[in-house]
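The opening residue of the sequence shown carries number 129 in our numbering; numbering runs sequentially from there.
Even for Gly, the Cβ is constructed at its ideal location relative to N, Cα and C.
One structure is given below, encoded as structure tokens.
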Amino acid sequence: LLSSFMGVEINGAQRAIRIAGMTIQPAEIVKLTVVCLLANILGKNQTPGGVTNRGVITAAIVVMVFCLCMFKDGMTNMLLMFVVSIAMMLIGGIQWSKLGMVLLIYVVGGGAIYVMKDITPSTTEFDRVKKEQAMLASAGTPSAISDAGEQKTLTGRGETRKGRIKRFIEGVHPDDKIDDMNRQVIFSKFALANGGVFGQGPGNSRESARLPLAFSDYIYSIIVEDMGMVGGIAVLLLFLLLVARAGRIAYKCSRAFPAFLIMGCAVMIVAQALVHMAIVTGLFPVSGQPLPFISKGGTSVIVMSAALGIMLSVARFAAHSGDKKQISAEMQSLPEDMQAANFSNREEQ
């Protein structure tokens, strides 16, 4: 809420707060918060038949409340939360009828939030400059700038989103003129093409010098340019192996709570990585999503490292099925309402 209404503006979006000279991105913290909350809720409401009605409804409400709080922070983060929460529910064995109810809540709630974003004034300095440039170009007189400053309805983030979606549908072409609107997409394509199969070698990227945000939002294109298609596929496989390894550990967990926790963290990390790669390769509209553990950043690196720490803690300390002594000790340490068995493990059924 603070970032939405009192935050600092970075790259045309008001998504951060400044504390003691440091910039914090609350949206990154929210992702891990939602994972921990959902693991707690689903762990308390796990039954042999799936997830209780109370657990499903509570989980959906929690996700929608957080989405509402950050409705001005970007639709991509909201979509990520939807995907992660649905994945965690599926892992918990949610019944198909209840999954349909959750999807309906997300569609209706997400649609309402999108409408709120569309009608809420959100004009940034970037939008003002862009509006003034457009009016000056069309009118050709200095008075056009003063008229633009007095207009009540200015181009906001809603128009930015619509423009990105439109350009995504239209695609880019070799004869397109490079401007501020398509610069990232075109130079990203250059980097991908220049990488070829085996790449130019580490540190030999050409486009990193002129691709905007090459160190964060578009780092994957630089990886492909340096290491080629082989390196790009290797990075993708490493993230997929992370979620596969987490799934193996979750399967061995005796209790439901640690299983939800490790899988939620893994899905969150890998989902964000896949979205980043999809944006860079042109499979998804442009949106600012860093590549976990690789992109330059403060809050994102800390949050992803915390998520990895949680996963390592579960792998090290969670009781495994078949170890009766360890299971007994874990049962005594967990609150009574969080002692539900991990029913995805056949030994617990």
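Using the three-state DSSP reduction, which class does Met134 fall into: helix, strand or coil?
helix
C-alpha gap between Ala342 and Ile350, whole angstroms:
7 angstroms
CB-CB length for Val403 against Thr204, believed under 8 angstroms:
7 angstroms
For Gly171, which residues of its own chain have a beta-carbon under 7 angstroms away from its beta-carbon, when the five flanking residues on both sides are left out?
Ala384, Phe385, Phe388, Met466, Ala468
If you draw a straight line from the C-alpha of Leu160 to the C-alpha of Asp303, how long is it?
43 angstroms
In whole angstroms, what separates the C-alpha of Lys317 from that of Thr409?
7 angstroms
State the beta-bridge partners of Ala144 as determined by DSSP.
Val136
Which value, in whole angstroms, describes the spacing of the CA atoms of Leu370 and Val398?
8 angstroms
Give the DSSP-derived three-state secondary structure of Gly178 in the structure shown.
strand
Beta strand (DSSP E) containing Ile152: first to last residue?
150-152
Quick one: any contact between the segment 347-362 and the segment 317-335, if contact means 3 or more CB pairs under 8 angstroms?
yes
Buried/exposed call for Pro270, threshold 16 Cβ in 10 Å:
For Pro270, the predicted structure reports a pLDDT of 47, less than 50, and the residue's modelled location is therefore unreliable. A value from the coordinates is still provided. When all chains shown are included, Pro270 counts as exposed.
Three-state secondary structure (DSSP) at Ala384?
helix
The alpha helix (DSSP H) that contains Phe318, what's its start and end?
311-323
Can you give me the C-alpha to C-alpha distance between Cys197 and Lys452, rounded to a whole angstrom?
44 angstroms
Is the CB-CB distance between Gly177 and Ile222 below 7 angstroms?
no
Give me the Cα-Cα distance between Phe412 and Leu320, rounded to the nearest whole angstrom.
16 angstroms
Taking contact to mean at least 3 C-beta pairs separated by less than 8 angstroms, is the segment 428-435 in contact with the segment 367-382?
no
Closer than 6 angstroms: is that where the CB of Pro154 sits relative to any heavy atom of the ligand ATP?
Of ligands this structure carries none, so the ligand ATP is not represented either.
Considering only DSSP beta bridges, list what His448 is partnered with.
Cys381
Would you report the Cα separation of Leu364 and Ile347, rounded to the nearest angstrom?
13 angstroms
Could you check what DSSP says for Ala342 in three-state terms: helix, strand or coil?
coil
What does DSSP give as the partner residues of Ala469 in its beta bridges?
Arg383
How long is the line joining the alpha carbons of Ala443 and Gln153, rounded to whole angstroms?
28 angstroms
Simplified DSSP assignment, three categories, for Asn205:
helix
Residue environment, Asp345, which counts as buried when at least 16 other CB atoms sit within 10 Å
buried
Classify Phe445 as buried or exposed, calling it buried when 16 or more other Cβ atoms lie within 10 Å of its own Cβ.
exposed
I'd like to know whether the C-beta atoms of Ala166 and Ala187 end up nearer to each other than 7 angstroms.
The question names Ala, but residue 166 is Leu in the sequence shown. Taking 7 angstroms as the Cβ cut-off, Leu166 and Ala187 qualify as a contacting pair.
What whole-angstrom Cβ distance do Val162 and Val191 have, given they're in contact under 8 angstroms?
6 angstroms
Own chain partners of Ile422 with C-beta closer than 6 angstroms, once the 5 adjacent residues on each side are dropped:
Ile347
Pop quiz: Met396 and Val136 are said to be a contact at Cβ under 8 angstroms. What is the actual Cβ separation, rounded to whole angstroms?
The Cβ separation is near 25 angstroms, so there is no contact.
Look at the Cβ atom of Val193, then the Cβ atom of Lys226, and state whether they are nearer than 7 angstroms.
no
How about Phe367 and Glu335: do their beta carbons lie closer than 7 angstroms?
no
Do Pro418 and Gly426 have their beta-carbon atoms positioned less than 7 angstroms apart in this structure?
no
Would you call the CB atoms of Leu129 and Ile145 closer than 7 angstroms?
no
If you draw a straight line from the C-alpha of Met459 to the C-alpha of Gly149, how long is it?
44 angstroms
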